[in-house]
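Below: the structure, in structure tokens.
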Amino acid sequence: MNATAPKNFRPLLIGLTGGIASGKSAVAELFAQLGAPVLDTDQIARDVVEPGTPTLARLVTEFGSDILDASGRLDRARMRTRVFADPEQRKRLEAITHPAIREELAARAQRAQGPYQIHVIPLLVESGRADLYDRVLLVDTSQEDQLKRLLARDGSSEEQARQILAAQASREDRLDAADDVIVNTGTLQDLHQFVQTLHRNYTVLSERINAQNL
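Numbering-wise (the UniProt record's numbering), the sequence shown opens with residue 1 and increments by one.
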């Protein structure tokens, strides 16, 4: 909360989501450049399993020490391969990591400043938590563009890339859940204009909501 904000001030919460390789990171960076607090759950997911954390200790107890690399850190690629092939192991992983991620996200949101906050949550629709946000902002692009970017970015095979896309919510489900949509089929300048417009809109909306709470 802002130091100068009224005691009952509440930042507008924006859930930023989209399919893999849709451009969420680029959009989040543009919001950050405008001064908006950006809380990325992918980064939080890495932070909560750093060496010495209770979450990593629980994972080792549950899955064994072979999930660690030579430096004692979670071998994320090995863990991802292991759980992707076994839905039951994936559930066990999520039962440990998801509560830790949500707790840390809530703590960081409490400390963050600004009239609104951007929470980057790739699986917001899949997790059924979209209703916790004032607005859901979707970065949308075609599956063909996602596939091209995924192949170029991660070096995945086309089969692996299609499996990843198939495991996520459909484009239609994400569009149904969205309040605002950025269509990421143009240039970075196009994205910048989208974000600038939304920045103004979210700032005004936050002011209106908090004026009602006075």
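We treat Cβ as the ideally placed atom computed from N, Cα and C, and that holds for glycine.
Being a predicted model, the structure only gives us computed values, none of them experimental.
>> Using only CA atoms, which one of H199, T53, D40, V83 lies nearest to A167?
In response: V83
> Ordered along the chain, which non-local residues of its own chain (more than five positions away) have a Cβ less than 7 Å from that of N184?
Replying inline: Closer than 7 Å at Cβ, skipping near neighbours: S22, G23, V139, D140, T141, L191.
> Which same chain residues, not among the five before or five after F194, have their C-beta less than 6 Å away from its C-beta?
Replying inline: I182.
> Do F9 and N210 come within 7 Å of each other at the CB atom, strictly closer than that value?
Replying inline: yes
> So I14 is in the beta strand (DSSP E); what residue range does that whole segment cover?
Replying inline: 12-17
>> For H199 and G64, what's the separation of their Cα atoms in angstroms?
In response: 45 Å
> Mapping DSSP to helix, strand and coil, what is D179?
Replying inline: coil
>> Here's a check: name, in chain order, each residue in its chain whose Cβ is nearer than 6 Å to the Cβ of V136, leaving out the five neighbours to either side.
In response: G15, A130, A177, A178, D179
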